[in-house]
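Before any comments, here is the structure.
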Amino acid sequence: MSIHPVRILVVDDDKAFRVATGALLKDEGYEVRAVSSGREALDVLKTEQFDILLSDLVMEGMNGIELLKIVKEEFPRLSVIMVTGFGSIRTAVEAMHLGAHDYLTKPCNNDELVIKIARAVEDRNKTSEIERLRSLLDEENDFANIVSQNDRIKKVFKQIRQVADTDVTVLVLGETGTGKELLAKAIHMNSQRRSKPFLPVQCSALPESLLESELFGHERGAFTGAQGLRPGKFEEADGGTVFLDEIGDIPINLQTKLLRVLQEKQVTRLGSNDPMGLDVRIIAATNRALEPMVAGGLFREDLFYRINVFPVTLPPLRDRLDDIPLLAEHLLKKHRSLSRNELKGFSPSCIHDMMNHSWRGNIRELENLIKRAIITAEGEVITRLDIRGATDEERPGVESPLTTSMPYKTYVDQVLRDAEKKYLMRMLEESHGNMNEVARKMDVDRKTIYRKISEFGIDVQVFKG
């Protein structure tokens with residue numbers, strides 16, 4: 175919610191539209207000023223601050239497209255919604271490419287207008303929050319590579335700050351692609367071992383014989399092809415940290431050797447009988463449930479208790495959707511060099527698509543998606559994402575009756591309805607079903623909330639507790 179009343183500037187040479195729209199928006203709690211021309215709008219913008227510009231596309235003198243170009247250059251933070259009386263999709267698409275947030279066709283449906291204004295306000299607030307969080311991330315260099323505003327990730331930050339400067343073995347739990355190695359590296363970089371090596375070992379990527387040599391090293395002639403002495407990762411990481419990724423995939427006989435390393439703080443190269451003292455910290459990670467593996471004899475119980483001293487769980491991306499706008503901006507900045515264009519960000523529709531995807535591949539999937547989008551982007555703003563299989567059917571409990579065979583207006587109406595329902599359910603979830611809190615966050619009265627809950631058939635009790 176904005177810290178000041180949202181101010182809207184309405185620009186239209188039709189007096190009846192200005193009066194009716196101004197009255198509607200004032201009833202919704204917005205501050206409204208209406209002018210009759212693009213030139214008058216520019217004069218007002220030079221002396222007053224507004225959050226939303228609602229402008230007609232077809233006006234005498236300066237038309238809406240000309241006004242939009244000037245506004246985006248001189249007032250880039252102003253969100254613009256265009257209105258056309260001719261239903262010209264081509265003109266509306268041109269406006270969107272030039273930076274308009276959304277568009278409407280006359281005669282405007284009042285509910286649709288209110289929803290689009292509310293969405294523009296929400297997206298503007300999210301942009302401001304992203305900028306604020308980015309500045310905070312610049313100040314917190316110790317975790318600058320872990321981008322989040324999510325409460326569950328903040329809890330993880332607290333945990334790793336507590337354990338980082340100890341030598342306690344940490345077990346990082348989480349699905350593939352959630353950033354387990356990044357978290358392990360953050361633990362290392364915030365420890366007294368930060369000046370020493372951080373060596374990751376992907377336990378699932380190597381066959382048993384190579385993994386054994388990779389971890390423990392070997393002497394010359396230890397096995398066929400061992401032409402010389404080679405230190406293992408434990409030896410190379412002396413004074414630092416070894417990160418054992420996907421430890422649940424280590425074969426059972428190697429688990430026995432690893433247990434000995436942890437118990438005795440010694441390592442012996444293959445082909446040697448001389449153990450060497452070991453000064454390394456172990457951080458392990460897995461995407462598998464180890465307890466059932468222990469019960470089934472696939473993972474040693476004593477090794478499990480050795481590595482499970484301080485467990486830390488990384489939530490999947492679908493449980494931290496509030497991080498997606500911030501993560502998307504971070505990844506765009508990280509991979510911007512892949513594009514020949516000066517990319518400035520994502521369109522609101524892209525953010526909406528990302529917020530409504532199931533993200534089975536987690537952050538890794540998001541990063542790959544954004545790389546593709548950067549490479550294929552044609553303008554300054556990424557307006558299209560190649561989210562393959564991003565259907566709402568992948569998300570439990572979310573209905574998605576949309577089909578490409580629908581008439582255009584029916585499709586648009588259904589998209590708006592789905593988006594509104596998801597937004598309301600997200601607010602209910604965040605507020606634990608507290609109607610006063612939902613109304614405050616959405617900046618609407620309680621009657622509107624109850625009406626929408628009834629309209630969408632939402633069971634509020636699900637969110638309470």
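The opening residue of the sequence shown carries number 175 in this note's numbering; numbering runs sequentially from there.
Just so it is clear, CB atoms sit at the ideal spot from N, CA and C, and this is done for glycine as well.
Neighbourhood of residue i by C-beta distance below 7 Å, restricted to the same chain and skipping five residues each side
i	result
residue 289	590 and 594
residue 516	554
residue 200	206
residue 634	602, 607 and 627
residue 268	239
residue 422	460, 462, 464, 467 and 473
Beta-carbon proximity list for residue i, same chain, < 8 Å, skipping 5 on both sides
i	result
residue 433	474, 476, 477 and 480
residue 497	321, 322, 323, 324, 327 and 491
residue 451	439 and 440
residue 187	210, 211, 230, 233 and 234
residue 189	210
Supposed contact pair residue j and residue i - C-beta distance, whole angstroms, cut 8 Å
i	j	result
residue 351	residue 537	6 Å
residue 255	residue 294	6 Å
residue 341	residue 375	Actually they do not touch by this definition, with Cβ atoms about 19 Å apart.
residue 486	residue 330	6 Å
residue 488	residue 357	6 Å
Burial state of residue i (16 or more Cβ within 10 Å)
i	result
residue 606	exposed
residue 501	buried
residue 522	buried
residue 507	exposed
residue 447	exposed
residue 636	exposed
residue 520	buried
residue 460	buried
residue 573	With a pLDDT of 39 at residue 573, under the threshold of 50, the modelled position of that residue is not reliable, and the figure given next carries that caveat. Looking at its Cβ environment, which holds fewer than 16 other Cβ atoms inside 10 Å, residue 573 is exposed.
residue 456	buried
Residue i: first and last residue of the uninterrupted alpha helix (DSSP H) it sits in
i	result
residue 624	620 to 630
residue 205	Taken as a continuous stretch (DSSP letters only), residue 205 belongs to no alpha helix (DSSP H), being part of the beta strand (DSSP E) at 205 to 209.
residue 374	Looking at the DSSP string, residue 374 is not in any alpha helix (DSSP H); the run it does join, the beta strand (DSSP E), is 372 to 376.
Where the beta strand (DSSP E) through residue i begins and ends
i	result
residue 418	415 to 419
residue 195	Per DSSP, residue 195 belongs to no beta strand (DSSP E); it is in the alpha helix (DSSP H), 189 to 201.
residue 184	181 to 185
beta-carbon residue i near the ligand NAP non-hydrogen atom, thresh 7 Å
i	result
residue 241	What this structure holds is no ligand at all, so the ligand NAP is not there to describe.
Contacts around residue i, its chain only, beta-carbon distance under 6 Å, and the 5 residues preceding and following it disregarded
i	result
residue 424	377
residue 181	205, 224 and 225
residue 345	458, 481, 482 and 485
residue 436	480
residue 557	521
residue 406	389, 390 and 391
Any chance you could list the beta strand (DSSP E) runs of at least 3 consecutive residues sitting entirely within the region 225 to 252, in chain order?
226 to 230
Length at least 4, wholly inside the region 321 to 355: the alpha helix (DSSP H) runs in chain order:
325 to 338
Report the residue ranges of all alpha helix (DSSP H) runs contained in full by the region 488 to 570; include only those spanning at least 4 residues, in chain order.
498 to 509, 522 to 529 and 536 to 550
Quick check on the DSSP output: what are the complete alpha helix (DSSP H) runs of length 4 or more inside the region 410 to 462, in order along the chain?
426 to 438
Report the residue ranges of all alpha helix (DSSP H) runs contained in full by the region 374 to 406; include only those spanning at least 4 residues, in chain order.
382 to 390
Quick check for students: name the residue ranges of the beta strand (DSSP E) that lie wholly in the region 270 to 295, counting only runs of 3 or more.
276 to 279
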